[in-house]
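Asker:
Residue numbers (the working numbering): 669 to 993.
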């Protein structure tokens with residue numbers, strides 16, 4: 669059973685927010701494409717695992733774990749009574765060759781090696797296991813999700829830890845013979861105790877690049893017609909409340925300036941003062957934790973991402989959003 673949600677990474681949400689407010693540079697477009705493609709592959713992995721069933725195992729997804737002095741990212745960790753299986757998920761496409769410990773695509777040597785990444789991840793689980801005095805086997809596989817991914821190699825080792833898309837359902841069915849119980853719960857607790865923040869995300873937007881203001885959640889247009897409590901999109905006709913717009917802007921602020929606290933003035937500046945100071949203050953108090961630092965007040969967004977809360981907000985809204993599709 670899945671124990672946590674698979675969330676878009678801070679880097680993914682940074683580029684999505686950035687794309688709404690500026691023209692991305694070539695490198696940024698490539699990064700966004702690769703991140704989105706990888707996330708799509710992970711979501712497809714989850715969907716197929718759901719369809720096959722996973723009631724006899726625990727699954728932790730998209731974690732960073734600290735073992736020793738280093739922090740390692742994990743796509744999926746499958747836990748049962750007597751084993752932990754690490755899955756490294758790749759959504760590659762095209763023709764790949766592996767020979768002499770090197771990966772090639774279109775004759776070009778690649779810097780990344782998914783099987784070395786898997787080996788390191790397995791090593792971190794072994795380290796955590798040994799530190800806790802637990803006893804279980806550690807296994808792993810690189811899962812290639814792309815329908816049009818083709819691999820050529822004579823390495824039995826690579827094939828032994830590779831699962832292709834057309835093999836995935838059979839691979840998942842093996843876990844039906846596993847079981848969960850107190851021992852598996854202890855393993856889960858120990859792994860959860862090692863969860864760490866992502867230390868590798870350090871992007872921060874240049875405010876001078878950004879188009880400030882509010883934008884339509886449906887079509888992305890900044891051409892909005894102001895009402896008393898709502899804005900109407902001049903491009904598609906969608907109507908969204910001030911609260912919906914501010915929730916989205918708070919989320920943008922969080923990921924565009926990831927290590928920076930929100931202030932009332934920074935929010936007003938980002939939205940180009942399109943909502944009154946009193947209105948911004950009211951919704952900051954509602955949707956953020958308040959941090960008092962002497963005479964200065966900063967705010968921390970309560971939610972990971974604005975969509976986490978929007979369904980509940982819309983259910984109780986006095987001024988309803990009306991999205992035109």
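Don't be surprised by glycine CBs; every beta carbon is placed ideally from N, CA and C. These numbers were taken from a predicted model, which means no experiment stands behind them.
Please name the residue or residues paired with residue 720 in a DSSP beta bridge.
Answerer: Numbered from its first residue, the chain shown carries residue 720 at position 52. Note: residue 720 sits in no beta bridge, so no partner.
Asker: Which two residues bound the contiguous beta strand (DSSP E) that contains residue 744?
Answerer: The count along the chain shown starts at 1 and reaches residue 744 at position 76. Counting along the chain, the beta strand (DSSP E) containing residue 744 begins and ends at 738-747.
Asker: Can you tell which of 826, 670, 677 and 687 has its C-alpha closest to the C-alpha of residue 785?
Answerer: For this step, residue 785 is matched to residue 117 along the chain shown. Taking only the C-alpha atoms, the option nearest residue 785 is 826.
Asker: On the DSSP bridge list, what partners appear for residue 672?
Answerer: For this step, residue 672 is matched to residue 4 along the chain shown. Looking at the DSSP assignment, residue 672 forms no beta bridge with any residue, so it has no partner.
Asker: If you reduce the DSSP assignment to three classes, tell me which class residue 924 lands in.
Answerer: One-based indexing of the chain shown puts residue 924 at position 256. Residue 924 falls in the helix class under three-state DSSP.
Asker: Mind listing, in chain order, the continuous alpha helix (DSSP H) runs of no fewer than 4 residues lying wholly within the stretch 683-723?
Answerer: Within the stretch 683-723, the complete alpha helix (DSSP H) runs of at least 4 residues are 694-720.
Asker: Using a threshold of 7 angstroms, state whether the C-beta atoms of residue 733 and residue 852 are closer than that.
Answerer: Within the chain shown, numbered from 1, the residue matching residue 733 stands at position 65. Within the chain shown, numbered from 1, the residue matching residue 852 stands at position 184. Cβ atoms of residue 733 and residue 852: not closer than 7 angstroms.
Asker: Between which two residues does the beta strand (DSSP E) carrying residue 735 extend?
Answerer: In the chain shown, residue 735 corresponds to position 67, counting from 1. Residue 735 -> beta strand (DSSP E) spans 726-735.
Asker: From which residue to which residue does the beta strand (DSSP E) around residue 909 run?
Answerer: Position 241 of the chain shown, counted from the start, is the residue given in the question as residue 909. Residue 909 -> beta strand (DSSP E) spans 907-909.
Asker: Can the beta-carbon of residue 818 be found closer than 7 angstroms to that of residue 763?
Answerer: Locating residue 818 in the chain shown gives position 150, where the first residue counts as 1. Locating residue 763 in the chain shown gives position 95, where the first residue counts as 1. It is a contact, given that the beta carbons lie within the stated cut-off.
Asker: Any chance you could list the beta strand (DSSP E) runs of at least 3 consecutive residues sitting entirely within the stretch 757-812, in chain order?
Answerer: The qualifying runs are 762-767, 770-773 and 805-812.
Asker: Who are the Cβ neighbours of residue 699 in its own chain at under 7 angstroms, not counting the five residues just before and after it?
Answerer: Within the chain shown, numbered from 1, the residue matching residue 699 stands at position 31. Same-chain partners within the cutoff: 683.
Asker: For the alpha helix (DSSP H) containing residue 897, name the first residue and the last one.
Answerer: Stepping through the chain shown from its first residue, residue 897 is reached at position 229. Neither: residue 897 is in no alpha helix (DSSP H) and is coded neither H nor E.
Asker: Using the rule of at least 16 other Cβ atoms within 10 Å of the residue's Cβ for burial, across every protein chain shown, is residue 721 buried or exposed?
Answerer: Against the chain shown, residue 721 aligns to sequence position 53. Per the 10 Å Cβ criterion, exposed.
Asker: Please report the residue range of the alpha helix (DSSP H) in which residue 954 lies.
Answerer: Locating residue 954 in the chain shown gives position 286, counting from the first residue. Unbroken alpha helix (DSSP H) run through residue 954: 945-955.
Asker: Less than 7 angstroms separating the beta-carbons of residue 989 and residue 912?
Answerer: One-based indexing of the chain shown puts residue 989 at position 321. One-based indexing of the chain shown puts residue 912 at position 244. Yes. Within cutoff.
Asker: Report buried or exposed for residue 793, applying the criterion of at least 16 other Cβ atoms within 10 angstroms of its Cβ.
Answerer: Residue 793 sits at position 125 when you count from the first residue of the chain shown. It counts as buried.
Asker: Would you kindly check if the distance between the Cβ of residue 686 and the Cβ of residue 726 is under 7 angstroms?
Answerer: Counting from 1 along the chain shown, the entry for residue 726 is found at position 58. Counting from 1 along the chain shown, the entry for residue 686 is found at position 18. Their beta carbons are not under 7 angstroms apart, which means residue 726 does not touch residue 686 by this criterion.
Asker: Return the CA-CA distance between residue 850 and residue 981, expressed in angstroms with no decimal places.
Answerer: Working through the chain shown from its first residue, we reach residue 850 at position 182. Working through the chain shown from its first residue, we reach residue 981 at position 313. The straight-line gap from Cα to Cα measures roughly 39 angstroms.
Asker: Please classify residue 678: is it buried, with 16 or more other beta-carbons within 10 angstroms of its beta-carbon, or exposed?
Answerer: Here residue 678 is taken as the residue at index 10 of the chain shown, counted from 1. With 16 or more Cβ atoms within 10 Å of its Cβ, residue 678 is classed as buried.
Asker: Pick out whichever of 961, 870, 864 and 904 has its Cα sitting closest to the Cα of residue 737.
Answerer: On the chain shown, residue 737 is found 69 positions in, with the first residue counted as 1. With distances taken between Cα atoms, residue 737 lies closest to 864.
Asker: With respect to the alpha helix (DSSP H) encompassing residue 936, which residues constitute its N-terminal and C-terminal limits?
Answerer: Sequence index remark: in the chain shown, residue 936 carries index 268 (1-based). Where residue 936 is concerned, the enclosing alpha helix (DSSP H) stretches over 932-938.
Asker: Could you give the residue range of the beta strand (DSSP E) that holds residue 868?
Answerer: By 1-based counting over the chain shown, the position of residue 868 is 200. Here residue 868 belongs to no beta strand (DSSP E), and DSSP marks it neither H nor E.
Asker: Relative to the alpha-carbon of residue 898, which residue among 891, 904, 974 and 909 has its alpha-carbon at the smallest distance?
Answerer: What you label residue 898 is simply residue 230 of the chain shown in a count that begins at 1. The option with the nearest alpha carbon to residue 898 is 909.
Asker: Is DSSP giving residue 963 helix, strand or coil here?
Answerer: For the purposes of this step, residue 963 is taken as the residue at position 295 of the chain shown. Residue 963: coil per DSSP, three-state reduction.
Asker: Inspect the CB distances between the stretch 746-762 and the stretch 801-815 and report whether three or more fall short of 8 angstroms.
Answerer: Cβ pair count under 8 angstroms is three or more, so yes.
Asker: Kindly identify the DSSP beta-bridge partner or partners of residue 752.
Answerer: Here residue 752 refers to the residue found at position 84 when the chain shown is read from its first residue. 747 and 806.
Asker: Assuming contact is defined by CB atoms lying nearer than 7 angstroms, are residue 840 and residue 789 in contact in what I supplied?
Answerer: Position 172 of the chain shown, counting from 1, holds the residue named residue 840. Position 121 of the chain shown, counting from 1, holds the residue named residue 789. In this structure, residue 789 does not lie closer than 7 angstroms to residue 840 by Cβ.
Asker: Could you say which of 814, 772 and 730 lies nearest to residue 759 if we only look at CA atoms?
Answerer: For the purposes of this step, residue 759 is taken as residue 91 along the chain shown, with counting starting at 1. Ranking 814, 772 and 730 by Cα distance to residue 759 puts 814 first.
Asker: Would you tell me roughly how many angstroms separate the C-alpha atoms of residue 953 and residue 961, rounded to the nearest one?
Answerer: Here residue 953 refers to the residue found at position 285 when the chain shown is read from its first residue. Here residue 961 refers to the residue found at position 293 when the chain shown is read from its first residue. About 16 angstroms.
Asker: Between the Cα of residue 946 and the Cα atoms of 932, 940, 957 and 938, which residue gives the shortest distance?
Answerer: As a working mapping, residue 946 is identified with position 278 in the chain shown. Checked all of 932, 940, 957 and 938; the closest Cα to residue 946 is 932.
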